[in-house]
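So the structure is just underneath, and the comments pick up after that.
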Amino acid sequence: MAAPLKAGVGVSKSSPEEALEGAADWGLDRIDAVLCAFSPRHDPHEVREAIVEYLEDDRCLILGLSSAGNITTDGFSDGSVAILAMELSKLVAMGMAIGTGLSEDPYRVARETVTEAAKSVEVDVSASLAPVATKLVTGNVDVTRHSLVDALLFTDDLCCLNHPEALMEALRGVLDCLGTVPRIVGGMTADEYEFERTYIFDDSGVYEDALAVLILYSSVKRGHAVDHGFVPSSEPMIVETEGVDVIRMDGEPALDVYEEVVGEEIGMETLLKYPLGVEDPGPRPYHLIRTPFEVDEEERTLKLVAQLPSGVAVRVMEPGDVEDSFKRAVQRALEDAGSPDELGAVLVFNCMARHLIVDTDDAVDLLRDLVSEDVPIFGFNCYGEYGLTPSGKFVQHNQTVVTYVLGSEVVGR
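In UniProt numbering, the protein residues as written are 1 to 413.
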């Protein structure tokens, strides 16, 4: 029986064509879908045009995302173009859409983009679900609500950083439209620490202030996990916040409390080393990370990358085994997928701040040893990650690695 999913990865610092050829050399007979992570040192319009011209097939799904460094089976690279090329059988169906104007009307844009992604599937999704599901509601959007379907979500980070309230509304729109989809994973686009412009593209154009949704219907084994490797270094403290600003901890000025716990001069390195954590009420000990990136010495406040509601209990965190968290995230994703014997691909969305603590190249070595060098590994360092906490809550993560495993065997085998 032919494999339900075949994939290959390629990477090049010189040209997208070279990366595509490297991906095709993994034994693909054709290319049905391409995910591209690229350095903004490469012109996004030129990268898009090169991929479209190389494929010469308007039926091929193409999604490009600017990054802060790319992850493939070969290791970590900056200044590069990385490609994940996939050959899909009838057991895997994909649809994709990109919405723009995210900062202006995030809730509407998110809902419409999810709907368009589901409608864009050009094949009969019942074929991809037939081995394990029967009597499903017809129609792609309805099937999304009730079937074996996952979603990959990518957003313009600079929009979300400058308009944190827009991010919350966008995530609400995604959830309101998708309902009870088992897995939503992904990340925020990046630009190699410049924080100037990030990009998303498809076969038609290049977009900013945008959101991309990829819907996947399939009966193949799939799994997802998150991890970060930080551990608590303080007792829980109740915070008072205003948007992304932490005003007080346990009634005292937030910066005063933070400085006392950390015991170091506060600079960017310290803020990344000692983020805040909110306990997740899941089946294993886990804290959702919220990273401070700026302090106000006069107001004695901390500014976070993402919003934190007032009244929650937080701990100051410190690095534990951050390096091994990459391995744990893949191991748990494999378990979530039902421990498939055959793997199609492993996707990794890693916070760029983690690269400052653990070299991503070392992390890829761990992953390659775990799943073997014959399995395509693809992903990128991003400015924020999307995934479910162990309790099942879909959120934006900071300083976390999100993994997504695509098996190459059917559920139940």
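Glycine is no exception: its CB is placed at the ideal position from the N, C-alpha and C atoms. Please read all numbers here as calculations on a predicted model, not as lab measurements.
Please state if the CB of residue j and the CB of residue i are separated by a distance shorter than 7 Å.
i: residue 415; j: N398; result: Residue 415 lies beyond the residue range present for the chain, which begins at 1 and ends at 413; the question has no answer from this structure.
i: K13; j: G69; result: no
i: D55; j: M96; result: Looking at the sequence itself, residue 55 is Leu, so the reference to Asp does not match. For L55 and M96, no; Cβs fall outside 7 Å.
i: G379; j: L347; result: yes
i: T301; j: D256; result: no
i: D227; j: S372; result: no
i: A110; j: V174; result: yes
i: A85; j: V34; result: yes
i: S128; j: V92; result: yes
i: E192; j: S77; result: no
i: L388; j: A210; result: no
i: G282; j: S391; result: yes
i: I289; j: G277; result: yes
i: L65; j: A19; result: no
Under the three-state reduction of DSSP, which class applies to residue i: helix, strand or coil?
i: Y258; result: helix
i: E87; result: strand
i: T291; result: coil
i: H397; result: strand
i: Y404; result: strand
i: D324; result: helix
i: R48; result: helix
i: G173; result: helix
i: S128; result: helix
i: G379; result: strand
i: Y217; result: strand
i: Y107; result: helix
Taking all protein chains shown into account, decide if residue i is buried (16 or more other Cβ within 10 angstroms of its Cβ) or exposed.
i: H45; result: exposed
i: I238; result: exposed
i: S147; result: Here the model assigns S147 a pLDDT of 45, short of 50, so the residue's position is not dependable, and the following value carries that caveat. Classification for S147: buried.
i: R30; result: exposed
i: E165; result: exposed
i: R284; result: exposed
i: K221; result: buried
i: R59; result: exposed
i: M249; result: buried
i: E269; result: exposed
i: G179; result: exposed
i: S204; result: exposed
i: E344; result: The sequence given here places Gly at residue 344; Glu does not occur at that position. G344 is buried by the Cβ-count criterion.
Can you list, in chain order, the residues of its chain with a C-beta nearer than 7 Å to that of residue i? Leave out the 5 residues immediately preceding and following it.
i: A2; result: S89
i: D25; result: G8
Can you list, in chain order, the residues of its chain whose CB lies under 6 Å from that of residue i, leaving out five sequence neighbours each side?
i: E342; result: S408 and E409
i: T403; result: A225, A329, V330, A333 and V348
i: A117; result: G95, M96, A97, V213 and I215
i: P16; result: V47, A50, I51 and V81
i: L61; result: A33, M94 and M96
Below 8 Å on the Cβ atoms is my contact criterion, and I expect residue i with residue j to pass it. Report the Cβ-Cβ distance as a whole number of Å.
i: Q307; j: M168; result: 6 Å
i: I83; j: A170; result: Rounded, the Cβ-Cβ distance is 27 Å, inconsistent with contact.
i: M317; j: V231; result: 7 Å
i: P292; j: T241; result: Not a contact, Cβ separation roughly 12 Å.
Grab me the residues of residue i's own chain with a C-beta within less than 8 Å of its C-beta, minus the 5 sequence neighbours each way, in chain order.
i: residue 417; result: In the structure displayed, the chain extends from 1 to 413; residue 417 sits before or after that span and is not available.
i: G243; result: P164, E165 and Q307
i: D157; result: M188, T189, A190, T198, C382, Y383 and G384
Is there a C-beta anywhere in chain B that falls below 7 Å from the one on residue i?
i: V206; result: Given the protein chain composition of this structure (a single chain), no chain B is represented.
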